[in-house]
Every structure is written in structure tokens, then in C-alpha cells.
Ligand SMILES: [Cu+2]
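This is how it looks when you write it as C-alpha cells:
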């Protein structure tokens, strides 16, 4: 599965690296590519293991907002 989540609250490129890291630590997330410039993250994941709600939650836990997709 592929999906794009819109984000807000990132203020530098380090934020995008952090979001990539926390998402890729989730079981079932194959790849996360966060764009600071576009304020979004593209994820490739196994939808039998993880869902968008879980991914949004871990992003929120880091202090960023996710617009519902
Ligand atoms: Cu930052």
C-alpha cells in the first residue's frame, strides 16, 4: 500500500528525518519519505500489519499535526 499524509508543524529538515525514523520503526512500514518542503510524508506499508491511524498517532506523539487523509 502507498499513501500520502499531509503534515503541519515541521520547522526544519531534521523534523522530516525524525518522522521518517519513527514511522520506519513501526512493524509493517516499509518506507517513509517525509518532505519538509512539501509538508507531507509518503509511506509504503503493509496494510495487514499497520494502518494510517497508527502512523498518524506516532507522528502526533512527536508533536506534529496530521491532516486526515
Ligand atoms: Cu525541526
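Numbering (this note's numbering), first residue to last: 378 to 446.
Every residue gets a Cβ at the ideal spot worked out from N, C-alpha and C, and that includes glycine.
#### Entry: Within 8 Å, strictly: CB atoms of residue 420 and residue 382
yes
#### Entry: residue 421: first and last residue of the uninterrupted alpha helix (DSSP H) it sits in
Element bounds for residue 421: not the alpha helix (DSSP H) but the beta strand (DSSP E), 417-422.
### Query
Could you check where the alpha helix (DSSP H) with residue 409 kicks off and where it finishes?
Where residue 409 is concerned, there is no enclosing alpha helix (DSSP H), although the beta strand (DSSP E) it sits in stretches over 406-412.
### Query
Excluding the five sequence neighbours on either side, which residues of its own chain have a C-beta within less than 6 Å of the C-beta of residue 378, listed in chain order?
422 and 424
### residue 398 beta carbon near ligand 1 (any heavy atom closer than 7 Å)
no
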